[in-house]
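**Q** Before I ask anything, here is the structure I am working with.
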Amino acid sequence: MTSLSLRAASRATTSRAGTRRIRQWPGRVGWTVLGWVVAIAFFLPVLWMVITAFKPESAAETWPPKFAFSPTLSEFSSAFSNIGPFLTHSALATVGSTILVLLLGIPAAYALSVYPVRRWQDGLFFFISTKMLPIVAAIGPLYVIALHTHLLDSIWLLIILYTAMNLPLAIWMIRSFMLEVPNELLEAARLDGAGRIREMGSVILPIVLPGVVSTALICVIFAWNELFLAINLTTTNAATVPMFLVGGISTEGLFIAHLSAAATIASVPVIVVGWIAQRSLVRGLAMGAIK
Amino acid sequence: MAVLDGVAAPARAARVRPRGASRRERWLRRLPLLPALIYVVVVTQAPFVVTVWYSFQSYFWDIPGGAHFTGLSNYSAVFTDPAFRGSLLRSVIMTASAVIGAMILGVLLAVLLDRKFFGRGMARTLIITPFLVMPAAAALIWAYPMLDANYGLVNFLLAPFGVNHVAWLSTQPLLSVIIVMIWQWTPFMTLIVLAGLQSQPPDTLEAAKVDGAGALATFRELTIPHLRPYIELGVLLGSIYLVNTFDAVRLMTNGGPGTATTNLPFFLYQKVDYAYDIGGAAAAGVVTVVLTIIVATLALRMFARVFRFEEARG
């Protein structure tokens, strides 16, 4: 009797679980559809940019917009023929500033975490407070300073300024990775008589390396995309890719396909970097506050 | 539960600063910090000192003869300039509406991405992409292929709803720029809120379910309070970046029509690049910085709270 009722009860639960699973199905499908509709809606402008970039100019300016056309690379090749120097300048400014950020930022993060200086909080907050001062406010004097130091329109100027722009973020982020180094490892290294430099090189750096890489990728994103400083302080010798988008595209006659090709070339490097750094993106953007 | 522990004290024995550490030890600790500290002080603070200096000078860099002292005249010009006040106001409007809009969408998208569904990883990748697009490129895509009055995709998609070849950039310039800002920054808010959602202890949610709480009640009573620091963080960081918005303004509307979209960065850009007015730009810059410091002091206080600031014990 008891066993029978138990079995009945268990059958009842199974069937209830079964109906729940069946009832969940439409929900699951609904979420999938909703998720994909929203994702594609958000991605649509990017998709449209890439589609338009493959159009011949005559197919880009039509009403209604054309979705079927014979794709061509001609707008890409014409954009590529002009964008070359801009790509070089951007690459130099981006890579140069990112290297400098790491050279300055890794030791600083170390001094704010592993062997913290006195009043390390003040240091941290000083760095973040510099992000709050709008650099736009000092743009006039920056121009004059650059003029007098003969740095106007030079890659070095961009490297110097992009480093200052990304350094606070990098210090916060790398510091958050260094705080995760297990204490036991540091103590073991100390017992082995490792000095601080060896401890840094053989214990800390190998562990925080993935974090350093994702920090670097985020610095690359911000430096590559920067326009305000470039537009004010460079003209030709150091003009970067965003500058090409401002001045390098004639908006006379038909230009939408050409513009889309240029925008695609300009955006793709950072989109790829961002997709790679996706997992650590949120941590970097939150300056290490969120794991 | 150390989720938001950006400023968590390095709490281990070795990391706590020793009392009465030797002078040598103190310098040994300070040394690695100094290059970065000096660098940031020189590169980010020196220009502001020079800005204060030039704000008392009349200096048009296209006029030979250099700068000369003019007292407070640049400041009285700034305070009586309706263009400056207008651009200040538009900066506030643009930043606030973009941050709020992006945060509302960000919460919705995060809730969506928190569900399990087929191809969620791919959907997440697509959703974060707008944030990665170069802002200058994003501005161009929206200005022409998307919002063009004659050929734009937006007008085509809205045509069934009775929208007929609207010239968005001239009839709704501010809205157009704000929409692009929201489009670019929603992914940022989504990622931060999503991190918050995923850090929710599952047993609390389970307990709420066992207690018979509905999904909506659970969200309101448990999830929202849990998300609060994440939302504050997103608003704070988003504001820091969005207040400097320049690319969309320059490339979509060039500050116009008239001054309809001239925000502070664009105003200062015009002063330097077109009016060659270093003194005037400097005075406007100083006023901006003073206002920013007031806001930033409040923001930093919030920041400390958000990061659950812990005093170093030692």
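Each protein sequence line maps, in turn, to chains D and R.
Just so we're aligned, residue 324 is where the first sequence starts under the numbering used here, counting upward by one.
Just so we're aligned, residue 34 is where the second sequence starts under the numbering used here, counting upward by one.
The C-beta atom is built at its ideal place from N, Cα and C for all residues, glycine as well.
Counting only the same chain and skipping the five closest in sequence on each side, list residues whose C-beta sits under 7 Å from that of A600 of chain D.
**A** Closer than 7 Å at Cβ, skipping near neighbours: S537, L540, I541.
**Q** According to DSSP, which residues form a beta bridge with F93 of chain R?
**A** R:D310.
**Q** R521 of chain D versus chain R: which residues are under 7 Å apart at the beta carbon?
**A** By Cβ distance, chain R contributes nothing, its closest Cβ being about 14 Å from R521 of chain D, past 7 Å.
**Q** Near I494 of chain D, what residues of its chain come up, given a Cβ to Cβ distance below 6 Å and the 5 sequence neighbours on each side ignored?
**A** Same-chain partners within the cutoff: G428, A431, A432, F450.
**Q** Taking W386 of chain D as the reference, give the member of R:A129, R:M136, R:L67, R:V187 with the closest Cα.
**A** Comparing Cα-Cα distances from W386 of chain D to each of R:A129, R:M136, R:L67, R:V187, the minimum goes to R:V187.
**Q** Taking 8 Å as the threshold, find out whether the stretch 60 to 76 of chain R comes into contact with the stretch 481 to 496 of chain D through three or more Cβ pairs.
**A** Contact between the stretch 60 to 76 of chain R and the stretch 481 to 496 of chain D is present, because at least three Cβ pairs lie under 8 Å.
**Q** At 8 Å on the CB atoms, spell out the chain R contacts of G570 of chain D, in chain order.
**A** Here the premise fails: no neighbours, minimum Cβ distance about 11 Å.
**Q** Please list the terminal residues of the continuous alpha helix (DSSP H) segment that includes I478 of chain D.
**A** From DSSP, the alpha helix (DSSP H) with I478 of chain D extends over 478 to 501.
**Q** Please report the distance separating the alpha-carbon of I215 of chain R from that of L508 of chain D.
**A** Straight-line Cα distance between these residues: approximately 45 Å.
**Q** Would you mind stating whether I212 of chain R and A586 of chain D have Cβ atoms separated by less than 8 Å?
**A** Against a cut-off of 8 Å, the Cβ pair of A586 of chain D and I212 of chain R comes out as no contact.
**Q** Which of the residues in the stretch 440 to 455 of chain D, read from start to end, lie with their CB under 9 Å from any CB of chain R?
**A** The stretch 440 to 455 of chain D vs chain R, Cβ under 9 Å: V440, R441, R442, W443, Q444, G446, L447, F448, F449, F450, I451, S452, T453, K454, M455.
**Q** Compile a chain-ordered list of the residues in the stretch 365 to 386 of chain D whose CB is closer than 8 Å to at least one CB of chain R.
**A** Those would be F365, F366, L367, P368, V369, W371, M372, T375, A383, E384, T385, W386, in chain order.
**Q** Reducing DSSP to helix, strand and coil, say where F279 of chain R ends up.
**A** It is coil, neither helix nor strand.
**Q** Return the chain-ordered list of same chain residues with a C-beta closer than 7 Å to the C-beta of L180 of chain R, the five sequence neighbours on each side being excluded.
**A** If we look at L180 of chain R and ignore the five residues flanking it on each side, its Cβ neighbours are V187, W201, L202, S209.
**Q** Starting from L197 of chain R, trace the alpha helix (DSSP H) both ways and give me its first and last residue.
**A** First, the amino acid is wrong: residue 197 of chain R is Asn here, not Leu. Here N197 of chain R belongs to no alpha helix (DSSP H), and DSSP marks it neither H nor E.
**Q** Check whether the stretch 358 to 367 of chain D touches the stretch 144 to 158 of chain R, taking contact to mean three or more Cβ pairs, one atom from each stretch, closer than 8 Å.
**A** Contact between the stretch 358 to 367 of chain D and the stretch 144 to 158 of chain R is present, because at least three Cβ pairs lie under 8 Å.
**Q** Output the distance between the C-alpha atoms of N506 of chain D and E254 of chain R, rounded to the nearest integer angstrom.
**A** One C-alpha to the other measures close to 38 Å.
**Q** Spatial neighbours of I478 of chain D within its chain, please: CB distance less than 8 Å, with the 5 preceding and 5 following residues excluded, ordered by chain position.
**A** Closer than 8 Å at the Cβ level, and outside the excluded window around I478 of chain D, lie H412, L415, A416, G419, N560, A561.
**Q** Can you round the beta-carbon distance between N555 of chain D and Y466 of chain D to whole angstroms, since I take them to be within the 8 Å contact cut?
**A** Yes, they are in contact, since the Cβ atoms of N555 of chain D and Y466 of chain D sit about 6 Å apart, within 8 Å.
**Q** What does the alpha-carbon distance come out to for the pair A461 of chain D and F81 of chain R?
**A** Approximately 6 Å between the Cα atoms of the pair.
**Q** Report the partner residues of F102 of chain R according to the DSSP bridge assignment.
**A** Answer is R:Q90.
**Q** Looking at chain D, which residues of the stretch 125 to 136 of chain R have a Cβ within less than 7 Å of any of its Cβ atoms?
**A** Correct list: empty, as no residue qualifies.
**Q** Any idea if F377 of chain D is buried or exposed, counting beta-carbon neighbours within 10 angstroms, 16 or more meaning buried?
**A** Classification for F377 of chain D: buried.
**Q** Below 8 Å on the Cβ atoms is my contact criterion, and I expect G571 of chain D with I406 of chain D to pass it. Report the Cβ-Cβ distance as a whole number of Å.
**A** Sure, about 7 Å apart at Cβ, within 8 Å.
**Q** By the 7 Å beta-carbon criterion, what residues does the stretch 142 to 163 of chain R contribute toward chain D?
**A** Within the stretch 142 to 163 of chain R, the residues whose Cβ lies closer than 7 Å to some Cβ of chain D are L142, L145, R148, F150, F151, G152, R153, A156, T158, L159, I160, I161, T162, P163, listed in chain order.
**Q** Determine contact between the stretch 290 to 297 of chain R and the stretch 165 to 172 of chain R, defined as no fewer than three beta-carbon pairs at a distance below 8 Å.
**A** Taking 8 Å as the limit for Cβ pairs, the verdict is that the stretch 165 to 172 of chain R does not touch the stretch 290 to 297 of chain R.
**Q** From D:P457, D:A511, D:A517, pick the residue whose C-alpha is nearest to that of L297 of chain R; which is it?
**A** That would be D:P457, whose Cα lies nearest to the Cα of L297 of chain R.
**Q** What's the gap between the Cα of E58 of chain R and the Cα of A469 of chain D?
**A** Taking the straight line joining both Cα atoms gives about 39 Å.
**Q** Under 8 Å between beta-carbons, which chain D residues line up against I311 of chain R? List them in chain order, please.
**A** Near I311 of chain R (Cβ distances below 8 Å), the residues of chain D are G463, P464, Y466, V467.
**Q** By DSSP, does D147 of chain R sit in helix, in strand, or in coil?
**A** D147 of chain R falls in the helix class under three-state DSSP.
**Q** Take L474 of chain D and list the residues in its own chain whose beta-carbon comes closer than 6 Å to its own, dropping the five residues that flank it on each side.
**A** Cβ within range, chain order: L480.
**Q** Mind checking which residues open and close the alpha helix (DSSP H) that includes E398 of chain D?
**A** Segment 397 to 434, the alpha helix (DSSP H) holding E398 of chain D.
**Q** Which residue from D:A402, D:T557, D:L502, D:Q444 puts its Cα closest to that of I530 of chain D?
**A** Residue D:L502 is the option with its Cα nearest to I530 of chain D.
**Q** What residue from R:Y274, R:M285, R:I137 has the CA that sits closest to V226 of chain R's CA?
**A** Comparing Cα positions, the closest option is R:I137.
**Q** Along the alpha helix (DSSP H) that carries G168 of chain R, what are the first and last residues, could you check?
**A** Reading off the sequence, residue 168 of chain R comes out as Pro, not Gly. Start and end: 168 to 174.
**Q** In three-state DSSP terms, what is H259 of chain R?
**A** Note: H259 of chain R maps to helix in three-state DSSP.
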